[in-house]
Amino acid sequence: MKITFHGAARTVTGSKHIVRLKNGKAILLDCGMFQGMGKETLPLNQHFGFDPTELTYVVISHAHIDHIGLLPKLVAEGYQGPIYLTDATEDLAKVMLVDSARIQEADVMHINKQRAKEHREPVKPLYTEEDAQNVFPLFVTVPYNQPTQIDEDVELLYTDTGHILGSAAVNLKIREDGRERRITFSGDVGRYRDVLLRSPQNFPQADYIILESTYGDRLHESVKPMVDDLLDYITHTCLEKKGKLIIPAFSVGRTQELLYALNRLELEHRLPPLKYYVDSPLSIKATNIIKSHPECFNAAVQKLLRQDDDVFDFKGLEFVESAEESIALNESNQPCVIISASGMAEAGRVKHHILHSIEHPRNTILIVGYCEPESLGGRLSAGAQEVSIFGKRFPVNAEVGVIKSMSAHGDYEDMFQWLSCQDAREVQKLFLVHGDYDVQQHFRDKLVKKGFLDIEIPYQHQQIGLG
Numbered sequence: 001m002k003i004t005f006h007g008a009a010r011t012v013t014g015s016k017h018i019v020r021l022k023n024g025k026a027i028l029l030d031c032g033m034f035q036g037m038g039k040e041t042l043p044l045n046q047h048f049g050f051d052p053t054e055l056t057y058v059v060i061s062h063a064h065i066d067h068i069g070l071l072p073k074l075v076a077e078g079y080q081g082p083i084y085l086t087d088a089t090e091d092l093a094k095v096m097l098v099d100s101a102r103i104q105e106a107d108v109m110h111i112n113k114q115r116a117k118e119h120r121e122p123v124k125p126l127y128t129e130e131d132a133q134n135v136f137p138l139f140v141t142v143p144y145n146q147p148t149q150i151d152e153d154v155e156l157l158y159t160d161t162g163h164i165l166g167s168a169a170v171n172l173k174i175r176e177d178g179r180e181r182r183i184t185f186s187g188d189v190g191r192y193r194d195v196l197l198r199s200p201q202n203f204p205q206a207d208y209i210i211l212e213s214t215y216g217d218r219l220h221e222s223v224k225p226m227v228d229d230l231l232d233y234i235t236h237t238c239l240e241k242k243g244k245l246i247i248p249a250f251s252v253g254r255t256q257e258l259l260y261a262l263n264r265l266e267l268e269h270r271l272p273p274l275k276y277y278v279d280s281p282l283s284i285k286a287t288n289i290i291k292s293h294p295e296c297f298n299a300a301v302q303k304l305l306r307q308d309d310d311v312f313d314f315k316g317l318e319f320v321e322s323a324e325e326s327i328a329l330n331e332s333n334q335p336c337v338i339i340s341a342s343g344m345a346e347a348g349r350v351k352h353h354i355l356h357s358i359e360h361p362r363n364t365i366l367i368v369g370y371c372e373p374e375s376l377g378g379r380l381s382a383g384a385q386e387v388s389i390f391g392k393r394f395p396v397n398a399e400v401g402v403i404k405s406m407s408a409h410g411d412y413e414d415m416f417q418w419l420s421c422q423d424a425r426e427v428q429k430l431f432l433v434h435g436d437y438d439v440q441q442h443f444r445d446k447l448v449k450k451g452f453l454d455i456e457i458p459y460q461h462q463q464i465g466l467g
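Using the UniProt record's numbering, you'd call the opening residue of the sequence shown number 1 and step up by one each time.
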């Protein structure tokens, strides 16, 4: 048996790992898109490094685009087997993939207009909306905590990781040469005491663990002050400076956390009387899906739901769907809060909001999640004095703020707690993925002290045999 790491290897996005059995079966864990890596992004997404027709199964951990974003391309290039995922992940994936396809097609249309002026050949999108729709008939949902025999050699068990709605660790039992090997792929591990979701669950003892490491070198600030930090930015920007507070936020997870925090401020009679816009059709659809899965909420949210039937709604909130309404927000000088995708500010409407706000000191751009260093959000949070947006340079005169406590990824203490159900002596090898290489090296040192002695940090397309 071998594992090959085709994405999120010494980088954070593009999650793709293949478990290959001697009998020829091949199981792909996630099929994610690379994001926010500058000029490297497109070439990385154009070539899988493997033949999709050779795969037997695909198993998905959760619905973020860096974990599912290349499924339409995979199917378009010949994969026709089952795609396993949780119920909530299926609901989210359907809207996420269609939205991603529309972005691909819109971006290519814009690029080809410029190429036509230069008498250059047009380019094609990574995939189309039709390609995305072709993925959905292959979906096979599997409940949490229910061992499912995929075939005579492979059993799948999903355990909740509390990262986003529907997120799960993939626990495989694989029989080969008369032996059973237990492989766990973490997907992305959430935080204990999350604002909205249940805490990550314990998982069965594993022989091999593929573990994310996004925040393997740091501890998050306490979640509790996040509401107060958000209120401070609203007060400072909208009331004192009379400007706009622009918040790039992932459509799934982060947007709902922000809405929940603003709802809490209203319940506490502390929410300033302003307009609060969610400008992302995808975020609107995702919020409605999340509302339809209250079983995934933690006990505190469940309790609040008994007195407030919509914990994501409050006075002053408006959802913006049409492009015309979005453009009108840019033309208005009224103080307001605009929450818009994408979270790294690499695509979508938030990029236009930043473009129209970045030169004015009265405005604030607030980063509330992880951003790849080469992404627009990453450059802003690193203190860039000038940035390029749609090929044009802009001075960064707007204030740039960061709330670090809102990450949906666990820090290294959360990771240790998640691993605490394991006997480290039985874990034959632990692979670190989904993290920057320098972070992974620090995390490896910490894991060794916890008793995990054989730890590997695979590089892109590296194949490793399992004993």
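Beta carbons: idealized from backbone N, C-alpha and C, even for Gly.
Exercise. With DSSP run on the structure shown, which of helix, strand or coil describes residue 336?
Worked result: strand
For this session: Select from 213, 190, 196 and 100 the residue whose C-alpha is nearest the C-alpha of residue 202.
Result: 190
Exercise. For residue 206, does the three-state DSSP call read helix, strand or coil?
Worked result: coil
Exercise. Residue range of the alpha helix (DSSP H) that residue 356 falls in?
Worked result: 349-357
Exercise. Around the Cβ of residue 179, are there at least 16 other Cβ atoms within 10 angstroms (buried) or fewer (exposed)?
Worked result: exposed
Exercise. By Cβ distance, which residues of its chain are closer than 8 Å to residue 224, with the 5 residues on each side in sequence left out?
Worked result: Reliability of the predicted coordinates at residue 224 is poor, the pLDDT of 49 falling under 50, and no value is obtained from them.
Exercise. In three-state DSSP terms, what is residue 20?
Worked result: strand
Exercise. Tell me, which residues are paired with residue 159 by DSSP?
Worked result: 169
Exercise. Considering only the beta carbon of each residue, do residue 141 and residue 87 sit closer than 8 Å?
Worked result: yes
For this session: Give me the Cβ distance between residue 162 and residue 199, rounded to the nearest whole Å; I'm assuming they're in contact under 8 Å.
Result: 5 Å
Problem set entry | residue 299, buried or exposed, once every other Cβ within 10 Å from all chains shown has been counted against 16 | exposed
Problem set entry | Local Cβ density within 10 Å of residue 34, reported as buried at 16 or more and exposed below that | buried
Exercise. What do you reckon, are the CB atoms on residue 250 and residue 278 nearer than 8 Å?
Worked result: no
Exercise. How far does the alpha helix (DSSP H) with residue 286 in it reach, from first residue to last?
Worked result: 281-291
Exercise. If you compare alpha carbons, which of 346, 54 and 354 is closest to residue 326?
Worked result: 354
For this session: Have a look at residue 441 and residue 11 and give me their C-alpha separation to the nearest angstrom.
Result: 12 Å
Exercise. Can you give the Cα-Cα distance for residue 107 and residue 114, rounded to whole angstroms?
Worked result: 11 Å
Exercise. When the cut-off is 8 Å and only beta carbons count, does residue 237 lie next to chain C?
Worked result: Considering every chain present, this structure includes no chain C. It has just one protein chain.
Exercise. Can residue 389 and residue 380 be called in contact, C-beta distance under 8 Å?
Worked result: no
Problem set entry | residue 244 - containing alpha helix (DSSP H), residue span | No alpha helix (DSSP H) contains residue 244, which is instead part of the beta strand (DSSP E) from 244-248.
Exercise. For residue 135, does the count of other Cβ atoms within 10 angstroms reach 16, so buried, or fall short, so exposed?
Worked result: buried
Problem set entry | Buried or exposed by the 16-neighbour rule on C-beta atoms within 10 Å, applied to residue 358 | buried
Exercise. Are the beta-carbon atoms of residue 290 and residue 427 separated by less than 8 Å?
Worked result: no
Problem set entry | Burial state of residue 45 (16 or more Cβ within 10 Å) | buried
Exercise. Where does residue 43 fall in DSSP's three states?
Worked result: helix
Exercise. Between residue 268 and residue 232, what straight-line distance do the alpha-carbon atoms span, to the nearest angstrom?
Worked result: 15 Å
Exercise. Going by other Cβ atoms of all chains shown within 10 Å of its Cβ, with 16 needed for buried, is residue 433 buried or exposed?
Worked result: buried
For this session: Look up residue 392 in the DSSP assignment and give the residues it is bridged to.
Result: 389
For this session: List the endpoints of the continuous beta strand (DSSP E) containing residue 443.
Result: That residue, residue 443, is in no beta strand (DSSP E); its alpha helix (DSSP H) goes 437-449.
For this session: Measuring alpha carbon to alpha carbon, tell me which of 451, 444 and 462 ends up nearest residue 215.
Result: 444
Exercise. Residue 135 by DSSP, collapsed to three states: which one?
Worked result: coil
Exercise. Pick from 99, 366 and 75: whose alpha carbon is nearest that of residue 51?
Worked result: 75
Exercise. Within 10 angstroms of its Cβ, does residue 383 collect 16 or more other Cβ (buried), or is it exposed?
Worked result: exposed
For this session: Kindly identify the DSSP beta-bridge partner or partners of residue 59.
Result: 29 and 84
For this session: For residue 402, name the three-state secondary structure that DSSP assigns.
Result: strand
Exercise. Going straight from the alpha carbon of residue 228 to that of residue 272, what length do you get?
Worked result: 13 Å
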